[in-house]
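Written out below as structure tokens is the structure these notes cover.
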Amino acid sequence: MIFFIVYVGLEISVMNFLPAILVNQVEAATFLATLSVTIFWGAMVVGRLAAGYLAEWMQYARYLILCCTGTVVFIAILGLATSLWLSYVLIVLIGLMMAGVFGIAIVYATTLLPGSTDKITSILIASGGAGGIFFPLITGSLMDHATTTTVAFVLAGLSILMIVIILIARNYQKQLV
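Count the sequence shown with the working numbering and you get residues 3 to 179, in order.
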């Protein structure tokens, strides 16, 4: 549940605050800053086309760890970017990294706890909804009181928390075998 609270909160925060980050970080014009959301979602769509295949090929936990690690790195670098074009490239990479995380994490959770797909999926989606409400409030407050670099590092830190949760789940999975 914590993974989904954090993931959805992170996704919603990234998506909603990208324009503000670009305005503050690289002094982007409003049009160019808001274009970042379209770029992010375009990358998410493209990434989702390959996510299922990649996750099965790599194994679910490894795929999730790789995607969350990429998210950490690219969000942290976004917080240091000084160029609009570099920011756009990083936003594409963030979108690609985050694209399959939600769906693959649900599949992974249901494989860890077989026989309760309906309950698990409902609880995890509801948890994600809570994170989607809670974390943007925190992110917005942080945007008002800290630098965009600090905000980016906090968001990257959330991805680190997701990696820790996946490692715990993978350890649990190994104990079942």
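For every residue, glycine included, the Cβ atom is placed at its ideal position computed from N, Cα and C. Quantities reported herein were computed from a predicted structural model and do not represent experimental measurements.
Going by beta carbons, serine 161 and valine 74 fall inside the 7 Å limit. Between tyrosine 62 and isoleucine 106, the C-beta gap is smaller than 7 Å, which places the two residues in contact. In the structure shown, proline 116 adopts coil according to DSSP, grouped into three states. For glycine 81, there is no enclosing alpha helix (DSSP H), as DSSP gives it neither H nor E. Around the beta carbon of alanine 31, fewer than 16 other beta carbons lie within 10 angstroms, which makes this residue exposed.
Here glutamine 177 is exposed: its Cβ has fewer than 16 other Cβ atoms, across all protein chains shown, within 10 Å. In this structure, alanine 171 lies away from glycine 81, with their beta-carbon atoms at least 7 Å apart.
Collapsing the DSSP output to three states places threonine 40 in a helix.
Under the Cβ criterion (8 Å, minimum of three pairs), the region 41-61 counts as touching the region 94-110.
Between the beta-carbon of serine 38 and that of leucine 20 there is about 4 Å, and that keeps the pair under the 8 Å contact cut. Comparing alpha-carbon positions, the option among Leu66, Ala78, Leu169 lying closest to glutamine 27 turns out to be Ala78. Around the beta-carbon of valine 8, 16 or more other beta-carbon atoms lie within 10 Å, marking it buried. The residue among Thr141, Leu139, Pro138, Val109 with its C-alpha nearest the C-alpha of isoleucine 127 is Val109.
Taking 8 Å as the upper bound for CB-CB distance, glycine 97 and methionine 46 are in contact here, some 5 Å apart. Shown here, methionine 3 sits in coil according to DSSP, grouped into three states, outside any helix or strand.
Excluding sequence positions up to five before and after threonine 112, its CB lies within less than 6 Å of the CB of Thr119, Ile122, all in the same chain and listed in chain order.
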